[in-house]
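A.B. asks: Chains as they are written, first to last, in the UniProt record's numbering: chain A, 1 to 342; chain Y, 1 to 342.
Structure below; questions to follow.
Protein chains: 2
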Amino acid sequence: MLMAAIGDVARLAGVSKATASRALSGRGHVAESTRHRVEVAAAEIGYIASPAAASLVTGRTMNVGVVIPFVNRWFFGEVLEGIERALLGAGYDLTLYNVGSAGQDRDRVFDFFLARKRVDAVIAVGVDLTERETASLDRREKPLVSLGGSGAGGARLSIDDRAAGALATEHLLHLGHTRIAHLAGEGALSNPESVHGCRREGFLEAMAAAGHASEADAHIVEAEMTMPGGYTGALQLLGHPGRRPSAVFAVSDEMAFGAIRAAERLGLTVPGDLSIIGVDGHEYAEMFGLTTIEQYPGAQGRLAVDVVLHLLGEDLADPLPDSGAPLPTRLVVRSSTTAAPR
Amino acid sequence: MLMAAIGDVARLAGVSKATASRALSGRGHVAESTRHRVEVAAAEIGYIASPAAASLVTGRTMNVGVVIPFVNRWFFGEVLEGIERALLGAGYDLTLYNVGSAGQDRDRVFDFFLARKRVDAVIAVGVDLTERETASLDRREKPLVSLGGSGAGGARLSIDDRAAGALATEHLLHLGHTRIAHLAGEGALSNPESVHGCRREGFLEAMAAAGHASEADAHIVEAEMTMPGGYTGALQLLGHPGRRPSAVFAVSDEMAFGAIRAAERLGLTVPGDLSIIGVDGHEYAEMFGLTTIEQYPGAQGRLAVDVVLHLLGEDLADPLPDSGAPLPTRLVVRSSTTAAPR
DNA sequence: CTGAAAGCGCTTACAG
DNA sequence: CTGAAAGCGCTTACAG
């Protein structure tokens, strides 16, 4: 009684376990009256199927693993919430693997945790996957969807980070700025395929196209993609006497917020003395008056789930959008950018 | 071959499935040489046990459910990361249920997802649990640890929120402030058992003890516990002509950051015109120069896991600290608070 | 539309 | 120390 099994339901409803199973799962034909009797019986004794038993025979766990390097940075948190909601809605569980850069923990997750038959599929968020990692999932025939980040294999979803970097830069160029600095993410130079690497490329391209290639190179500072990272990086950029930039393109909104504070600390007004643009559409952007290239991480997470469900053979109400097309972004101009001082 | 079973390992090692199982799990006696042969065989064919099969017979899933209302607020994100790391280290999976205030989603999580035999235990973070919810877990004999939040049943871990609120207020009183406002969390008044409800109580107690009871009541504003919430709330508090407070106790650091920006926007200097104190020890606190009552959410998450493992009968290396004792906090004074203007 | 039987891949008494 | 057998709780061909 403590843990009613399907046999108990069957007995109470006066049917076989097979029929009870069919009635409850909705697979296979069952007479309407029978189904009703089974449902009543199940409700009466509070029957809930054992996922382990079901999984053992069906091979499906109704569980999706999510590999994500951060939980506490806005973009990642939003994606995670979007994924969770969509998965829950579809009756799936979400198993969280919070692992970042390569290392022991990450190997353990891929080699042990994900290799077991515990998840039906994997969503990797902002992870630069190694060949070994994708191959491992491939071998186990686990569908893989990756959102942002680099690596071959699996379905890939991402905005056009290079275009976003170029657009942000062009916005500043368009306002007449030429001394434009870039607050880049750590490893942007050494890892050009990464999200922040691509945005840096976009910055350089736009600057080169406008004839400021040499200017650009000298004005890139890499820092942690957080508000304190942006603060520290911007202090470095703005405190240097002489060639102070008149505009900064920050690779993320969180860094841009830090840059705003750094400017204020140095007595510079934004945007009077310094224009600042970010990328993300962070929920604080409005409060900071930040011009940014919005993206929609919550929707991205939900889309990743749609793709996963599709790969798992679930019928979806809505058709999937064009695969391969970059995810939507939008330039939102606020008060942190203005025309270059004459 | 694609998915090697324990029978394959046994055959290759020339032993029975029972022996292979014992050798691999470490339960029961196996000759050293036999164990070695089995391990070699398992490694050779890349054998990984099916958790579903094991769980079906042992009744253990090696999986802990975490119920958490936010992922993207600093305290919650830190707790979640702490829990994840500790669980992973102990070989457990973490299933994430991102549900907040009561509602359909939350009922579904407790009635369906958590009721199944899919998790061995539950950690609830910052959730005010209803009796029905704790009873449901109790009935299924699922250990429950809750961190912050209210509700009977299960092991409870939390800082002394009332004391934290009182201490923050006393710090300001000690500096000579009397017109002290409180930026409270939403629902602090209507839900006095909640985290922000307790901190509000502490504020009122300290103010009353100092003879400023009537002053206090008039200076409480409730807002969302985020930076924009703090910004909006503080604008309201500070923009009102006449009786402007000289100090603000914000229920969380994130709100305090918003209050700092609001003050600046209104042309007030911090701490010259306004002292501000928060609670949390947010990673941005140093950058903002914020005086705060630190707590240690990462360590809290790890501790919650220790308690859960203990309840699950796992032997722990370190003994558990006093149960019942509040979790540690520490007043860290920075540049956002100073003596009251004369 | 329904039931009897087999089987998913493990672990665990029970013998020896 | 090791093995044969039973069984965890489901689902799914296979019959009827």
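Note that CB positions come from ideal geometry on N, CA and C, so glycine has one too.
Output yes or no for whether 8 Å exceeds the beta carbon distance between L331 (chain A) and Q295 (chain A).
C.D. replies: As a working note, residue 331 (chain A) is residue 331 in the first sequence. As a working note, residue 295 (chain A) is residue 295 in the first sequence. Not a contact, by the Cβ cut-off of 8 Å.
A.B. asks: Could you name the residues that DSSP lists as bridge partners for N72 (chain Y)?
C.D. replies: As a working note, residue 72 (chain Y) is residue 72 in the second sequence. In the DSSP output, where bridge partners are listed per residue, N72 (chain Y) has none listed.
A.B. asks: Check whether the Cβ of M1 (chain Y) lies closer than 8 Å to any Cβ atom in chain A.
C.D. replies: Taking the first residue of the second sequence as 1, we reach residue 1 (chain Y) at position 1. Residue placement at M1 (chain Y) is flagged as unreliable, the pLDDT there being 39, under the threshold of 50; the coordinate-derived value follows with that caveat. No, its Cβ sits nowhere closer than 8 Å to a Cβ of chain A.
A.B. asks: Once the 5 residues before and after A247 (chain Y) are set aside, which same chain residues still bring their CB inside 6 Å of it?
C.D. replies: Position 247 of the second sequence, counted from the start, is the residue given in the question as residue 247 (chain Y). Here the set comprises L172, H177, I180, S275.
A.B. asks: Going along the chain, which residues of the segment 221 to 235 of chain A sit with their C-beta nearer than 7 Å to a C-beta in chain Y?
C.D. replies: For the segment 221 to 235 of chain A, which is checked against every Cβ of chain Y, the residues closer than 7 Å are M227, P228, Y231.
A.B. asks: Distance check for L303 (chain Y) and A256 (chain Y), CA to CA, integer angstroms please.
C.D. replies: Against the second sequence, residue 256 (chain Y) aligns to sequence position 256. Against the second sequence, residue 303 (chain Y) aligns to sequence position 303. Going by the C-alpha atoms only, they are around 27 Å apart.
A.B. asks: Considering just the uninterrupted stretch of the alpha helix (DSSP H) at G258 (chain A), what are its terminal residues?
C.D. replies: In the first sequence, the residue the question calls residue 258 (chain A) occupies position 258. Segment 253 to 265, the alpha helix (DSSP H) holding G258 (chain A).
A.B. asks: On the DSSP bridge list, what partners appear for G185 (chain Y)?
C.D. replies: On the second sequence, position 185 is the one that residue 185 (chain Y) refers to. Y:A223.
A.B. asks: Does G154 (chain Y) pass the burial test, meaning 16 or more other C-beta atoms within 10 Å, or should it be called exposed?
C.D. replies: For the purposes of this step, residue 154 (chain Y) is identified with residue 154 of the second sequence, where counting begins at 1. Looking at its Cβ environment, which holds 16 or more other Cβ atoms inside 10 Å, G154 (chain Y) is buried.
A.B. asks: For T291 (chain A), return the contacting residues in chain Y, with the cut-off set at a CB-CB distance below 8 Å.
C.D. replies: Residue 291 (chain A) sits at position 291 when you count from the first residue of the first sequence. Those within 8 Å of T291 (chain A) in chain Y number zero; the least Cβ separation is about 17 Å.
A.B. asks: Cβ of E131 (chain A) within 8 Å of Cβ of F110 (chain A)?
C.D. replies: Position 131 of the first sequence, counted from the start, is the residue given in the question as residue 131 (chain A). Position 110 of the first sequence, counted from the start, is the residue given in the question as residue 110 (chain A). Their beta carbons are not under 8 Å apart, which means E131 (chain A) does not touch F110 (chain A) by this criterion.
A.B. asks: I need the DSSP call for V67 (chain Y), collapsed to helix, strand or coil.
C.D. replies: For the purposes of this step, residue 67 (chain Y) is identified with residue 67 of the second sequence, where counting begins at 1. Residue state, collapsed to three classes: strand.
A.B. asks: Given a cut-off of 8 Å, decide if K17 (chain A) and A52 (chain Y) are closer than it, judged by their beta-carbon atoms.
C.D. replies: As a first step, residue 52 (chain Y) is located in the second sequence; it is residue number 52 there, counting from the start. As a first step, residue 17 (chain A) is located in the first sequence; it is residue number 17 there, counting from the start. Cβ distance not < 8 Å, so A52 (chain Y) and K17 (chain A) don't count as in contact.
A.B. asks: Give a yes or no on whether the minimum CB-CB distance between F110 (chain A) and chain Y is below 8 Å.
C.D. replies: The sequence position of residue 110 (chain A) within the first sequence is 110, counting from 1. So, not an interface residue.
A.B. asks: Just the C-alpha distance for E186 (chain Y) and S335 (chain A), rounded to the nearest angstrom, thanks.
C.D. replies: Counted from its first residue, the second sequence places residue 186 (chain Y) at position 186. Counted from its first residue, the first sequence places residue 335 (chain A) at position 335. The straight-line gap from Cα to Cα measures roughly 29 Å.
A.B. asks: Could you compute how far the alpha carbon of G89 (chain Y) sits from the alpha carbon of G65 (chain A)?
C.D. replies: Taking the second sequence and counting its residues from 1, the one referred to as residue 89 (chain Y) is at position 89. Taking the first sequence and counting its residues from 1, the one referred to as residue 65 (chain A) is at position 65. Each residue's Cα considered, the two are about 17 Å apart.
A.B. asks: Would a check of beta-carbon distances place M287 (chain Y) closer than 8 Å to chain A?
C.D. replies: Translated into positions along the second sequence, residue 287 (chain Y) becomes position 287. So yes, M287 (chain Y) belongs to the interface.
A.B. asks: One question on the structure: do L94 (chain Y) and A124 (chain Y) come within less than 8 Å of each other, judged by their Cβ atoms?
C.D. replies: Taking the second sequence and counting its residues from 1, the one referred to as residue 94 (chain Y) is at position 94. Taking the second sequence and counting its residues from 1, the one referred to as residue 124 (chain Y) is at position 124. In this structure, A124 (chain Y) does not lie closer than 8 Å to L94 (chain Y) by Cβ.
A.B. asks: Which residue's Cα is closest to the Cα of F112 (chain Y): Y:D253, Y:G197, Y:I277, Y:R140?
C.D. replies: Counting from one through the second sequence, the residue named residue 112 (chain Y) turns up at place 112. Measuring from the Cα of F112 (chain Y), the nearest candidate turns out to be Y:R140.
A.B. asks: Please list, in chain order, the chain A residues whose beta carbon lies closer than 7 Å to that of Y284 (chain Y).
C.D. replies: In the second sequence, residue 284 (chain Y) corresponds to position 284, counting from 1. Neighbours of Y284 (chain Y) on chain A, chain order: M227, P228.
A.B. asks: Could you have a look at V195 (chain A) and say whether DSSP puts it in helix, strand or coil?
C.D. replies: Numbered from its first residue, the first sequence carries residue 195 (chain A) at position 195. Helix at V195 (chain A).
A.B. asks: Roughly how far, in whole angstroms, is the beta-carbon of G242 (chain A) from the beta-carbon of R199 (chain A), given that I think they are within contact range, below 8 Å?
C.D. replies: For the purposes of this step, residue 242 (chain A) is identified with residue 242 of the first sequence, where counting begins at 1. For the purposes of this step, residue 199 (chain A) is identified with residue 199 of the first sequence, where counting begins at 1. About 27 Å; that fails the 8 Å criterion.
A.B. asks: Per DSSP, what kind of secondary structure is G149 (chain Y) in: helix, strand or coil?
C.D. replies: Here residue 149 (chain Y) is taken as the residue at index 149 of the second sequence, counted from 1. Residue state, collapsed to three classes: coil.
A.B. asks: Taking only the alpha-carbon atoms, compute the straight-line gap between M1 (chain Y) and L311 (chain Y) and give it to the nearest angstrom.
C.D. replies: Here residue 1 (chain Y) corresponds to residue number 1 of the second sequence, with the count starting at 1. Here residue 311 (chain Y) corresponds to residue number 311 of the second sequence, with the count starting at 1. Confidence is the limiting factor: at M1 (chain Y) the pLDDT is only 39, short of 50, which leaves the residue's position unreliable, though a coordinate-based value still follows. One C-alpha to the other measures close to 38 Å.
A.B. asks: Report all residues from its chain with a CB closer than 7 Å to the CB of E224 (chain Y); omit the five preceding and five following residues, and keep chain order.
C.D. replies: Within the second sequence, residue 224 (chain Y) is the residue found at index 224, counting from 1. The answer, listed in chain order, is E186.
A.B. asks: Candidates Y:I260, Y:P245, Y:A209, Y:V251: which alpha carbon is nearest Y231 (chain Y)'s?
C.D. replies: Working through the second sequence from its first residue, we reach residue 231 (chain Y) at position 231. Comparing Cα positions, the closest option is Y:I260.
A.B. asks: Run through chain A and tell me which residues come within less than 9 Å of E133 (chain Y), C-beta to C-beta.
C.D. replies: By 1-based counting over the second sequence, the position of residue 133 (chain Y) is 133. The contacting residues do not exist; E133 (chain Y) stays about 15 Å from chain A at best.
A.B. asks: Determine, using beta carbons only, whether G126 (chain A) and F203 (chain A) come nearer to each other than 8 Å.
C.D. replies: Here residue 126 (chain A) refers to the residue found at position 126 when the first sequence is read from its first residue. Here residue 203 (chain A) refers to the residue found at position 203 when the first sequence is read from its first residue. Their beta carbons are not under 8 Å apart, which means G126 (chain A) does not touch F203 (chain A) by this criterion.
A.B. asks: Which term fits R37 (chain A), buried or exposed, when burial requires 16 or more other beta carbons within 10 angstroms of its beta carbon?
C.D. replies: For the purposes of this step, residue 37 (chain A) is taken as residue 37 along the first sequence, with counting starting at 1. Classification for R37 (chain A): buried.
A.B. asks: Can you pull out the residues from the segment 114 to 131 of chain Y whose beta carbon lies closer than 8 Å to at least one beta carbon of chain A?
C.D. replies: Result list: A115, R116, K117, R118.
A.B. asks: Going by Cα to Cα distance, which pick from Y:V279, Y:D120, Y:M227, Y:R244 is closest to A340 (chain Y)?
C.D. replies: Within the second sequence, residue 340 (chain Y) is the residue found at index 340, counting from 1. Per the Cα distances, Y:R244.
A.B. asks: Does any residue of chain A bring its CB to less than 8 Å from the CB of T19 (chain Y)?
C.D. replies: As a position in the second sequence, residue 19 (chain Y) is number 19, starting the count at 1. It does not; no Cβ of chain A falls within 8 Å.
A.B. asks: Do you know how far the Cα of G301 (chain A) is from the Cα of L316 (chain A)?
C.D. replies: Residue 316 (chain A) sits at position 316 when you count from the first residue of the first sequence. Residue 301 (chain A) sits at position 301 when you count from the first residue of the first sequence. Whole-angstrom Cα-Cα distance: 16 Å.
A.B. asks: Within 10 Å of its beta-carbon, does L189 (chain A) have 16 or more other beta-carbons around it, so buried, or fewer, so exposed?
C.D. replies: Looking up residue 189 (chain A) in the first sequence gives position 189. With fewer than 16 Cβ atoms within 10 Å of its Cβ, L189 (chain A) is classed as exposed.
A.B. asks: Between A:L129, A:G91, A:A115, which lies nearest to S101 (chain A) when the distance is taken from Cα to Cα?
C.D. replies: As a first step, residue 101 (chain A) is located in the first sequence; it is residue number 101 there, counting from the start. With distances taken between Cα atoms, S101 (chain A) lies closest to A:L129.
A.B. asks: Return the CA-CA distance between T61 (chain A) and G229 (chain Y), expressed in angstroms with no decimal places.
C.D. replies: Against the first sequence, residue 61 (chain A) aligns to sequence position 61. Against the second sequence, residue 229 (chain Y) aligns to sequence position 229. The alpha-carbon atoms of T61 (chain A) and G229 (chain Y) are separated by roughly 40 Å.
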